[in-house]
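Engineer:
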Amino acid sequence: AQSVTQLDSQVPVFEEAPVELRCNYSSSVSVYLFWYVQYPNQGLQLLLKYLSGSTLVESINGFEAEFNKSQTSFHLRKPSVHISDTAEYFCAVSGDTGFQKLVFGTGTRLLVSP
Amino acid sequence: DGGITQSPKYLFRKEGQNVTLSCEQNLNHDAMYWYRQDPGQGLRLIYYSQIVNDFQKGDIAEGYSVSREKKESFPLTVTSAQKNPTAFYLCASSSTSGVGTFGSGTRLTVV
Numbered sequence: 004a005q006s007v008t009q010l011d012s013q014v015p016v017f018e019e020a021p022v023e024l025r026c027n028y029s030s031s032v033s034v035y036l037f038w039y040v041q042y043p044n045q046g047l048q049l050l051l052k053y054l055s056g057s058t059l060v061e062s063i064n065g066f067e068a069e070f071n072k073s074q075t076s077f078h079l080r081k082p083s084v085h086i087s088d089t090a091e092y093f094c095a096v097s098g099d100t101g102f103q104k105l106v107f108g109t110g111t112r113l114l115v116s117p
Numbered sequence: 022d023g024g025i026t027q028s029p030k031y032l033f034r035k036e037g038q039n040v041t042l043s044c045e046q047n048l049n050h051d052a053m054y055w056y057r058q059d060p061g062q063g064l065r066l067i068y069y070s071q072i073v074n075d076f077q078k079g080d081i082a083e084g085y086s087v088s089r090e091k092k093e094s095f096p097l098t099v100t101s102a103q104k105n106p107t108a109f110y111l112c113a114s115s116s117t118s119g120v121g122t123f124g125s126g127t128r129l130t131v132v
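Chains as they are written, first to last, in our numbering: chain F, 4 to 117; chain A, 22 to 132.
(1) Compare the C-beta of Leu111/A with all C-beta atoms of chain F and state if any pair is closer than 7 Å.
(2) May I ask you to verify whether the region 39-52 of chain A touches the region 74-82 of chain A, counting CB pairs closer than 8 Å and requiring at least 3?
(3) Of the residues that make up the region 57-83 of chain A, which ones have a beta carbon closer than 7 Å to any beta carbon in chain F?
(4) Decide if Gly23/A is buried, meaning its Cβ has at least 16 other Cβ atoms within 10 Å, or exposed.
(5) What does DSSP give as the partner residue(s) for Pro15/F in the beta ladder?
(6) Using beta carbons (cut-off 7 Å, strictly below), is Gly126/A in contact with chain F?
(7) Could you tell me which residues DSSP puts in a beta bridge with Glu91/F?
(8) Does any residue of chain F bring its CB to less than 7 Å from the CB of Phe33/A?
(9) Tell me the rounded alpha-carbon separation between Glu83/A and Val84/F.
(10) Would you list the residues sitting across from Leu48/A in a DSSP beta bridge?
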């Protein structure tokens, strides 16, 4: 079984500042890792994913995350945030073999202010 | 465009009533899921289905029921046995392990 820990429930940051949202996972098997973003009263949208290959993955809107197997982490970073990045961000994990369910963290609310 | 459609967007239920939330996908995905979202608790899995006519309980299945008669449809019934049904419900589907596409959600309120 897998589990995900997002220690920060809320991260306030000023516009154009860098941000890091932390995600640590636990698993007895190899994993796939995901970040999803949720805007108010909407469903979740896939932001980026690590399935295999390069440990650094990037999204089209400037976010990136790095899979660190030794530290069991998949932190999300952006060098310069915008007001429009204000949302809730969920880290998720699944096993990488056969049918596997997604297990989610409790989410981190990113609050970007001017 | 392919995607997942959840309806209704808002639903109000009286005490003791059963209500059914609709989830339809045209992505040709084999697997479908129902999650419940409460503030500060992330997403918790209610039920999931890998193939038609088969489904499994998730972590919080008590008080809920599902059916999977068609590949495209996975309705969720919130029964009167669910003690605290007020929540945001999300449906998702996937073709391979893990990578899920989500619907826009149904907000259920008990009145």
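Think of the CB as a built atom: it goes at the ideal place given N, C-alpha and C, for glycine as much as any other residue.
Structural biologist: On the basis of the coordinates in this document:
(1) yes
(2) no
(3) Gly61, Gln62, Gly63, Leu64, Leu66, Tyr69 and Gln71
(4) exposed
(5) Leu114/F
(6) yes
(7) Gln41/F and Arg112/F
(8) no
(9) 41 Å
(10) For Leu48/A, which the question treats as bridged, DSSP gives no partner whatsoever.
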